[in-house]
Every structure is written in C-alpha cells, then in structure tokens.
Amino acid sequence: MISELLPHLFIIAVAFCALLWSADRFVAGAAAIAKQAGVSPLIIGMTIVSFGTSAPEIVVSVVSAMRGAGEIAVGNALGSNIANTGLVLGATAMIAPLVVSRATVMTDVPILLGIILISGGLLSDGVLGFMDATILLTGLLLFLAKLYRDSQQDTAVVDEVCLPEMSSKKAWLTFLLGLVILIASSRYLVISATEIAMTLGVSELIIGLTIVALGTSLPELAASALSAIKGHADIAIGAVVGSNIFNLLVVLSLPGLFTDLNIGKPEMMRDMGTVLVTTLILFVCLLLSWDKSNNSAGLGRGAGVILLASYVLYYVLLIKTQ
Numbered sequence: 002m003i004s005e006l007l008p009h010l011f012i013i014a015v016a017f018c019a020l021l022w023s024a025d026r027f028v029a030g031a032a033a034i035a036k037q038a039g040v041s042p043l044i045i046g047m048t049i050v051s052f053g054t055s056a057p058e059i060v061v062s063v064v065s066a067m068r069g070a071g072e073i074a075v076g077n078a079l080g081s082n083i084a085n086t087g088l089v090l091g092a093t094a095m096i097a098p099l100v101v102s103r104a105t106v107m108t109d110v111p112i113l114l115g116i117i118l119i120s121g122g123l124l125s126d127g128v129l130g131f132m133d134a135t136i137l138l139t140g141l142l143l144f145l146a147k148l149y150r151d152s153q154q155d156t157a158v159v160d161e162v163c164l165p166e167m168s169s170k171k172a173w174l175t176f177l178l179g180l181v182i183l184i185a186s187s188r189y190l191v192i193s194a195t196e197i198a199m200t201l202g203v204s205e206l207i208i209g210l211t212i213v214a215l216g217t218s219l220p221e222l223a224a225s226a227l228s229a230i231k232g233h234a235d236i237a238i239g240a241v242v243g244s245n246i247f248n249l250l251v252v253l254s255l256p257g258l259f260t261d262l263n264i265g266k267p268e269m270m271r272d273m274g275t276v277l278v279t280t281l282i283l284f285v286c287l288l289l290s291w292d293k294s295n296n297s298a299g300l301g302r303g304a305g306v307i308l309l310a311s312y313v314l315y316y317v318l319l320i321k322t323q
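Residue numbers for the sequence shown, in the numbering used here: 2 to 323.
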C-alpha cells in the first residue's frame, strides 16, 4: 500500500508548493493590473488582496466540484477554518502575544460566529444545494458592502495596502502564469487526494479535512508566524478571521452551484460543531483579556495553548470516529 501512496504523496507535496507560489503570483499580477486600470487601492484591498489568502482554498473548491469531488471542497473549507483558528492563531500566540482591536473583538469575530451558525443551519439537513450556495454568496456580497463602508470611514487601513509595481506586460504575464499554475496544481492536488482516499478506504471529506485543509492553510500559518517574529503579530488575527469568513461564504458554497452534495449529518455536526467551538474559544479568550484602558484585547501564550489543544483534540476525535 505504501508503494501505491508514495507517488500521490509526492504529487501532493509538489502541488502544494506550486499552489502557494502561483496564488501569490496570481494576486500580485491581478493587483498590478487593477492598479494600472485606475482601480482605487480601496477596491483592490477589499477584493483582490482579501481573496488572496483564500485563493488556494477557492480554486481547490472549484476544481473539486467540477471533478465531482465536492466533499473535498467542503472538508477543505471546514478543515481550513479549524486549522486557521486552532493551529495558526494558537502557534502565533505562542510566538508572540496578539493585540486585537475593538472592531475585531466586537464586530468581526461576532460576524464570523453568525456566519458559522447560518452555514450550520443551511447544512443541518445533510445536503449542500444551489439555494444554500446562493444564500452564502449573498452573505459574501453583504460582507463586502460592510468592508466598503468601513473603509470609507477609516482610509488609513486602505493606505497601508502594499500594491506591486510592475510594467503592464509583466503584470499580465505574472497574472496568467499564476492562474495557469494555480489551476493545474489544484487539479493534480484533487486527483491525488482522491486516489489516496480510495486507496486508504476513507472518505473524500476526511482527506479534505486533513491533508488538503492543512496544505491550503499554509499561507496563513507562514504569514502569521512571520508577522509575530517581526513584531507585527497584531495583524495576524484580522487575516485569519477574514480568511475564515471567505472560506465559509465562498469555498464552502461553490460545490452547491454545480450539484446537490449529500453530506452525512453526524460528520457535519462534528466538523461544523468544531468550527463553532474553536471560534467560541477564541471569542471567549478575547473577551476575558479585554483591557478597557487600551480599548483592546489580546491573545497570550495561555490562549495559544488552549487553541492548539482544541486543534489536536479535533484530530483525535476525527481518528476515533473513522
């Protein structure tokens, strides 16, 4: 069996590397093209840059759905959220304390909790259909409208968006190269992940929750850890919360646009329940650390240990329920 798995594991490793590199090139090229077309930094920051951290998950979701492997996409969305909250924020908080603004604690995290509850309600029947996908994508439009309103009230955030400097030719070549490699690497990733699932006799959902989810969460983990090392850990939680919102509203919804996807109710309760619990742990930790004098909260090493422990416990539960 090991000899059968090794080629697919090698392809997955190469595909992950290509996926992360091409996502970065795709976003850089798209941002440069938008800038040259006269699109404001505000719009670029809210759309291209915001989608950038979720680009691997989004493309994997589309390719999975088109290949009839929708469970990989669902597992990718839910597993990435669990990894982002438990692993990424947990590990980052253990490197350096995370300072969190009032807006994140009182607005962004509660919005994420609301989206989780709505997503869980839509999938409580064990089916992800076209109407479910439409509702989630409508939620995306509402969220983008909120970002637009908030950005108008606080333009300082927009001014900090780093836009790449490229010639028109280089921007288009970077964009197209990134797009082609992004799609190709996602395709081979999904094919190999499906083959591993068949060889091991496990569901595509489990592969999506583990191998694929962890791999597509690598950009958030690398960026957050690097921010903490450089002393800018305060930006990590905003990126993670935003990525989790996009995962639920975009990555999770896409398979429903192609076909009605049947998902077992026990599995959905386990995985969506874990997404909810880990986010609630994050929210409670932030509330308990609230500092009225500074009007901010923080995640220290103690909270990091708790979040990491929740991530490990989830995988223990995942193994025991197979």
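Cβ coordinates follow ideal geometry from the N, Cα and C atoms, glycine included.
None of these values were measured; they are calculated from a predicted model.
C-beta atoms of residue i and residue j nearer than 8 Å
| i | j | result |
| --- | --- | --- |
| LEU249 | ILE282 | no |
| GLY121 | MET273 | yes |
| PRO256 | VAL75 | yes |
| GLY179 | PHE17 | no |
| GLY299 | LEU20 | no |
| LEU277 | ILE73 | no |
| GLY30 | PHE176 | yes |
| MET67 | PHE259 | yes |
| GLY140 | TYR312 | no |
| LEU210 | VAL128 | no |
| VAL337 | ILE59 | The requested residue 337 does not occur in the structure, where the chain is confined to residues 2 to 323. |
| LEU113 | THR279 | no |
| TRP173 | ILE34 | yes |
| ILE264 | LEU123 | no |
| SER169 | GLN37 | yes |
Nonlocal neighbours in the same chain, by C-beta distance under 6 Å from residue i, ignoring five residues either side
| i | result |
| --- | --- |
| ALA157 | Note that ALA157 has pLDDT 45, beneath the 50 cutoff, so the model's placement of it is unreliable and the number below is only indicative. Correct list: empty, nothing qualifies. |
| ALA214 | ASN77, GLY80, SER81 and ALA84 |
| SER254 | ALA134, LEU137 and LEU138 |
| VAL106 | LEU287 and ALA298 |
| SER1 | The requested residue 1 is not part of the displayed model; the chain covers only 2 to 323. |
| LEU88 | TYR312 |
| ARG271 | none |
| MET167 | ALA33 |
| THR275 | ILE83 and TYR315 |
| LYS147 | none |
Sequence-distant residues of its chain with Cβ nearer than 7 Å to residue i (five each side left out)
| i | result |
| --- | --- |
| GLU5 | THR200 |
| HIS9 | SER193, GLU196 and ILE197 |
| SER297 | VAL100, VAL101, SER102 and ARG103 |
| ILE13 | LEU190, SER193, ALA194 and ILE212 |
| LEU314 | none |
Backbone secondary structure at residue i - three-state DSSP
| i | result |
| --- | --- |
| ASP160 | At ASP160, the pLDDT of 44 sits below 50, so the modelled position is not reliable; the number obtained from the coordinates is stated separately. Here ASP160 sits in helix by DSSP. |
| GLY202 | coil |
| ASN295 | coil |
| LEU142 | helix |
| LEU253 | coil |
| LEU43 | Unreliable positioning characterises LEU43 in this predicted model, as indicated by a pLDDT of 48, which lies under 50. A coordinate reading is not provided. |
8 Å CB neighbourhood of residue i in its chain, flanking five on each side removed
| i | result |
| --- | --- |
| MET95 | ARG302, GLY305, VAL306 and LEU309 |
| ILE207 | GLY76, ALA198, LEU319 and GLN323 |
| ASP292 | ALA298 and GLY299 |
| ILE3 | none |
| GLY1 | In the structure as shown, the chain begins at 2 and stops at 323. Residue 1 is therefore absent and cannot be evaluated. |
(request) Please list the segments of the beta strand (DSSP E) lying wholly inside the stretch 83–138, counting only runs of 3 or more residues, in order along the chain. (result) Runs of the beta strand (DSSP E) lying entirely within the stretch 83–138 and spanning at least 3 residues, in chain order: 99–102.
(request) Kindly confirm or deny that the stretch 57–74 and the stretch 179–192 touch, where touching means at least three C-beta pairs closer than 8 Å. (result) Output reads yes: the stretch 179–192 touches the stretch 57–74.
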